[in-house]
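Working notes, beginning with the structure itself.
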Amino acid sequence: MYERKEIAPEQIEAQRQFCERIKDAISDRPHFALVDTYGCQQNESDSEILRGWLMDCGYGLTTDPAQADMIAINTCAVREHAEQRVFGNVGALTHNKAKNPDLIVAVGGCMTQQESVKTRLRDSFRVVDLVFGPHEVWRFPELLWQAMQRHGRRGNKGRVIAAEPSDGVVAESLPRQRDSGIKAWLSIMNGCDNFCTYCIVPHVRGRERSRRPADVLAEARQLAAAGYKDITLLGQNVNSYGKGLDDGVDFPDLLRAVNDIPGDFVVRFMTSHPKDATEKLFRTMAECGKIAPHIHLPAQSGSSRVLKAMNRHYDREKYLDTVAMARSYLPDLVLTTDIIVGFPGETEAEFEETLSLVEQVRYDAMFTFIYSPRTGTPAASMPDPVSRAEKQVWFDRLLESANRISAEKHAEYVGKTFRVLVDGETGDPAHNLSARTKGGRLVHLSGDRALIGQFTDAAITDSSTWALFGETV
Ligand code: SAM
Ligand code: SF4
């Protein structure tokens, strides 16, 4: 049974005491920590908390593994390929530990919530000192302190494993080290209740629970006051925000409240499950000037039969109706999606339905994946007769379609001027700055680097599948 577990302020305060102990313990010389992140924005957001804790513990941050005294790897379990990369990279740290026996290696994130992974890390990766699940990020200093105490002891006595199934954790007032002073992730909820049959996320991140509106809004106000120009509200399905709370605030209400915070900034959000995307959401987006005209609306498939087998709770027609409704409120809507190719039992005719959906909707950009079986999910035990090679052929056809449509949609920007947020440098002397339109399209610009962090007008002169090119005006 799901239980919401709010972490009390005293428990967070206790973590700060562990930070002080660690700071004392490493005060002999400068110590450095590296946090390596795989997977989605939720993981990026958790890694910001890990970096915040590590800085509070007295570490400097580094991106050089050779300089690091502490390495945390924040893993993703959504597809097998990412898991294999993690095992390879964790194994390679054996060389770093041989050179620096004091190195502490921690592996966290969604992979560690799977029993098989936990066992493999424990039994086959002696280099690992600490394994911690996503539910344990709030008490990372305590776990790191324990790992430091046990460091150097032989076998499993020398390591800390903290990745039990634990639903419902909601923790506030955690430190956070954000990458840039321009763009910020703002996590509004955690976990997922949807149980799409292919997906491991609900099994590793637990049931859906929302942060309280007052806490989200306080953080949004701080970000606006600190000068952030681009704030992305994050959740596995933001459209069901507020479920289980008694505040009476749904996602459109929350969006409107963030929009009403004074300041010049853009508000984005992801991900929207199509089954919960309502007219109220689109109306709110149309009425609120700071909200980006962008929806990431994962279709997953264009076949109603496959969608049912995926447990998505909408069919092709309902999805198309939702897109039409969104575009009726937001004529300049930027629409992006996720598609899975080769779900177990998908036929070529059903794949063709996905292709035709893509041609009909004409997405601005797509994230396409070949189905990856995940142990413990219902789809992993469904018959899957189509070969990997055939799925690859389908995938390539889909990609060709996706790229052609993106290029055509980008070409429509040429000759027009857009307000963009300049967010960094490209390294390309011809177009030295990178920027985003309000709808989130990437723009390469030539202009003064003093514009980084500012909104400016950009005249679009050229385009490709991946980006727009322009001049500041
Ligand atoms: N919560 C979001 C949603 O509902 O769309 C997305 C979360 S998931 C981490 C991101 C994407 O990964 C999904 O939209 C899906 O396309 C893809 N994905 C999830 N499980 C997968 C699997 N087993 N094989 C291939 N792709 C998968
Ligand atoms: Fe996975 Fe579906 Fe939840 Fe998204 S909505 S995280 S795809 S189970």
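Numbering of the sequence shown is given in my numbering, commencing with residue 12 and proceeding in unit increments. Here a beta-carbon is modelled for each residue, glycine too, at the ideal position from N, C-alpha and C.
- Residue 352 has its alpha-carbon roughly 7 Å from the corresponding atom of residue 405.
- DSSP places residue 459 in the coil class of the three-state scheme, outside both helix and strand.
- When secondary structure is reduced to three states using DSSP, residue 434 falls in the strand class.
- Sorted by chain position, residues whose beta-carbon lies closer than 6 Å to a non-hydrogen atom of the ligand SF4 are 203, 205, 206, 207, 210, 212, 213, 247, 248, 284.
- In chain order, 48, 85, 87, 120 place their CB closer than 7 Å to the CB of residue 54, counting only its own chain and leaving out the 5 sequence neighbours on each side.
- Here the alpha carbons of residue 56 and residue 136 stand approximately 26 Å from one another.
- Relative to the Cα of residue 423, the nearest Cα in the group 478, 16, 439 belongs to 478.
- In the three-state scheme derived from DSSP, where H, G and I count as helix and E and B as strand, residue 141 is classed as strand.
- With a minimum length of 4 residues, the unbroken runs of alpha helix (DSSP H) contained wholly in the segment 306-390 fall at 315-320, 327-340, 359-372.
- Straight through space, the alpha carbons of residue 283 and residue 328 are spaced by roughly 17 Å.
- Taking a contact as a CB-CB distance under 8 Å, the pair residue 383 and residue 90 counts as one, their CB atoms being some 4 Å apart.
- For residue 270, the uninterrupted alpha helix (DSSP H) segment begins and ends at 262-270.
- A heavy atom of the ligand SAM is found nearer than 7 Å to the CB of residue 382.
- Between residue 263 and residue 292, the C-beta gap is smaller than 8 Å, which places the two residues in contact.
- Here residue 120 is bridged, per DSSP, to 86.
- Residue 241 is bridged by DSSP to 194, 277.
- Remark: C-beta atoms of residue 304 and residue 449 approach each other more closely than 8 Å.
- Shown here, residue 97 sits in a helix according to DSSP, grouped into three states.
- Shortest gap from the CB of residue 89 to any heavy atom of the ligand SAM: under 7 Å.
- Per DSSP, the unbroken beta strand (DSSP E) holding residue 482 starts and ends at 479-483.
- Excluding its 5 nearest sequence neighbours in each direction, residue 386 has no C-beta neighbour in its own chain below 6 Å.
- Using a cutoff of 7 Å, the CB of residue 309 counts as near the ligand SAM, since one of the ligand's heavy atoms is closer than that.
- Assigned with DSSP and collapsed to three states, residue 223 falls in coil, not helix or strand.
- Taking C-beta separations shorter than 6 Å and ignoring five residues to either side along the sequence, the partners of residue 251 in its chain run 287, following chain order.
- For residue 443, the three-state secondary structure derived from DSSP is coil.
- The nearest non-hydrogen atom of the ligand SAM is 7 Å or more from the C-beta of residue 306.
- The segment 431-444 and the segment 454-461 touch, with no fewer than 3 CB-CB distances between them shorter than 8 Å.
- For residue 45, the uninterrupted beta strand (DSSP E) segment begins and ends at 43-48.
- Sequence-distant partners of residue 358 (beyond 5 residues in either direction) whose C-beta falls short of 6 Å from its own C-beta are missing from its chain.
- Between residue 213 and the set 70, 158, 125, the nearest pair of CA atoms involves 125.
- Using a Cβ distance threshold of 8 Å, residue 309 and residue 348 count as a contacting pair.
- By the neighbour-count definition (other C-beta atoms within 10 Å, threshold 16), residue 186 is a buried residue.
- Residue state for residue 468 is assigned as strand, using DSSP reduced to three classes.
- Between the C-alpha atoms of residue 199 and residue 326 there is a straight-line separation of about 28 Å.
- Checking the 7 Å criterion, the Cβ of residue 349 is within range of a heavy atom belonging to the ligand SAM.
- Judged by DSSP in its simplified three-state form, residue 54 adopts helix.
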